Every structure is written in structure tokens, then in C-alpha cells.
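Sequence lines, in order, name chains A and B. Taking this note's numbering, the leading residue of the first sequence gets 328, the next gets one more, and so forth. Taking this note's numbering, the leading residue of the second sequence gets 18, the next gets one more, and so forth. All C-beta atoms, glycine included, are put in the ideal place defined by N, C-alpha and C. Values in this document were obtained by computation on a predicted structure and should not be read as measured data. These notes concern the structure reproduced below.
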Amino acid sequence: KAGVTQTPRYLIKTRGQQVTLSCSPISGHRSVSWYQQTPGQGLQFLFEYFSETQRNKGNFPGRFSGRQFSNSRSEMNVSTLELGDSALYLCASSLSLQNSPLHFGNGTRLTVT
Amino acid sequence: QKEVEQNSGPLSVPEGAIASLNCTYSDRGSQSFFWYRQYSGKSPELIMFIYSNGDKEDGRFTAQLNKASQYVSLLIRDSQPSDSATYLCARRDRDDKIIFGKGTRLHILP
Numbered sequence: 328k329a330g331v332t333q334t335p336r337y338l339i340k341t342r343g344q345q346v347t348l349s350c351s352p353i354s355g356h357r358s359v360s361w362y363q364q365t366p367g368q369g370l371q372f373l374f375e376y377f378s379e380t381q382r383n384k385g386n387f388p389g390r391f392s393g394r395q396f397s398n399s400r401s402e403m404n405v406s407t408l409e410l411g412d413s414a415l416y417l418c419a420s421s422l423s424l425q426n427s428p429l430h431f432g433n434g435t436r437l438t439v440t
Numbered sequence: 018q019k020e021v022e023q024n025s026g027p028l029s030v031p032e033g034a035i036a037s038l039n040c041t042y043s044d045r046g047s048q049s050f051f052w053y054r055q056y057s058g059k060s061p062e063l064i065m066f067i068y069s070n071g072d073k074e075d076g077r078f079t080a081q082l083n084k085a086s087q088y089v090s091l092l093i094r095d096s097q098p099s100d101s102a103t104y105l106c107a108r109r110d111r112d113d114k115i116i117f118g119k120g121t122r123l124h125i126l127p
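Right, here's the structure in full:
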């Protein structure tokens, strides 16, 4: 079974631009979560989607948004990029909500210059 | 969001010894707990999950959960150099979000 697929793997953007990251979950997984990982803050929860609905949102500004499609694929968007948005963005999927672990993709490395 | 606390390390353990990684949490409503391993430049990979008090063993790994003390640990027996990585502890909170600690760096000394 294929794992979680994230595209692109690397992105370089300039301040003020926007970016869209894509995530395809493991087949059959309906929950998709997004995390931002930086050396100083570790893994920070962004949001979680289940059946096209955002069920949880972390403490990030409104510039960070996401959505999930009917096939469970998910995208996240960051508008008006700031230097501090440079990070590894990780998508993870899970089979269901209760007690299910997350399975991570390889991540998208975003660099904002 | 309630924290998950881990010692950042590095924790240095001789090859062949037992590595003990610890994690505490502050939300008594947490139901399930996870240990992930992350190699430098890679994404986290699941090692084990546990949601009942007591021990859970899988090969060289044992997860231990004590909900009364709000403590979860991971033991790695017969440590190998390939076990050198950052270990992330995580819990699923009341809202079903999975919250991660900042990780403990483990270094196995050959």
C-alpha cells in the first residue's frame, strides 16, 4: 500500500508570496493532519480534516488555511509568506480518529527568502 | 494546548545497553500515546502506540504508560547505532488532536 505522498518536496518562495502544498493520504485513510516543524518549536499542529471538514485547528494565523477533497486528498495554503514560515511542513493521515496513529509523508521543505 | 514534556538530550547510551526515554503530560483527558522516531532530515515514523496502563512490548521496544502519574516511557533493549535518532512522544487530546513533545535526541555509542 502506498504511503502518504506530499508534493512538492522542496519550495523556495519570497516574502509576500503565497504557496500551496499538497498531500495524498494512505488509501482508506479519511483523516489528514498538517504540522509545521522547526528546530526551535518542534512539531506544531496546524489543522486536521476528516471527511472534508476541518475538525481541529492549531494556534496559527489566518494566513494558514487548508481544505480536504472528497477523495481525502488535502491541500494547505500559506498566504503573504514571512521569513518565519520557513519550515518543514508535514502531512499525516490516519485510519480513523480514536486511538489511531498518524502516518507521515516525507514533508515539504519551504524556504522563504 | 497542553504540553508534552521531554528531555531534549542528547541521551548517550552504550551499544547493547537499554535506552530509557521519558515523557510527561499535563492533560488527564489524554487517551492514547505514541512514540515516533525521526532521523535527521527524515519524517517521523511510528514505533509504538499505547492507550492502556502498563507495558506494551514490540520486539526490542517496550512502551510503559502510567496515567495516574501522567507518565509514558519507551525502553529500547540491546541498543544499536541505528537507533540513534530523535524520539518524539505524542498524545491524543480530548479534541482528538495529536500533540507532540519536542523530542529527545538519542545517541548510541558504538
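Asked                                                                                                                           : Found
Other residues of its chain near P335(A): CB distance less than 7 angstroms, five sequence neighbours each side excluded        : T435
Neighbour flag for F396(A) against chain B, beta carbons, 8 angstroms                                                           : no
Chain B contact residues for F372(A), given Cβ-Cβ distances below 9 angstroms                                                   : Q18, K114, I115, I116, F117
Bridge partner(s) assigned by DSSP for P31(B)                                                                                   : L126(B)
L422(A) - DSSP class collapsed to helix/strand/coil                                                                             : coil
Exposed unless 16 or more other CB atoms sit within 10 angstroms - verdict on A329(A)                                           : exposed
Partner residues on chain A for L105(B), Cβ-Cβ distance less than 9 angstroms                                                   : G369, L370
Start and end residues, beta strand (DSSP E) containing N433(A)                                                                 : Looking at the DSSP string, N433(A) is not in any beta strand (DSSP E), and its letter there is neither H nor E.
Three-pair Cβ contact test at 8 angstroms for the segment 93–106 of chain B versus the segment 19–38 of chain B                 : yes
Neighbourhood of G71(B) by C-beta distance below 8 angstroms, restricted to the same chain and skipping five residues each side : Q81, L82
Spatial neighbours of A102(B) in its chain, beta-carbon cut-off 7 angstroms, leaving aside the 5 residues before and after      : R54, Q55, Y56, L123
Spatial distance of Q395(A) from Y376(A) (CA atoms)                                                                             : 6 angstroms
Distance between beta carbons of L417(A) and F431(A), contact taken as under 8 angstroms                                        : 5 angstroms
Interface flag, F78(B) vs chain A, CB-CB below 8 angstroms                                                                      : no
Touch test, the segment 372–387 of chain A against the segment 19–26 of chain B, Cβ-Cβ under 8 angstroms, three pairs minimum   : no
Within-8 angstroms CB hit, P61(B) to chain A                                                                                    : yes
Against chain A: residues of the segment 65–97 of chain B by CB proximity under 7 angstroms                                     : F66, Y68
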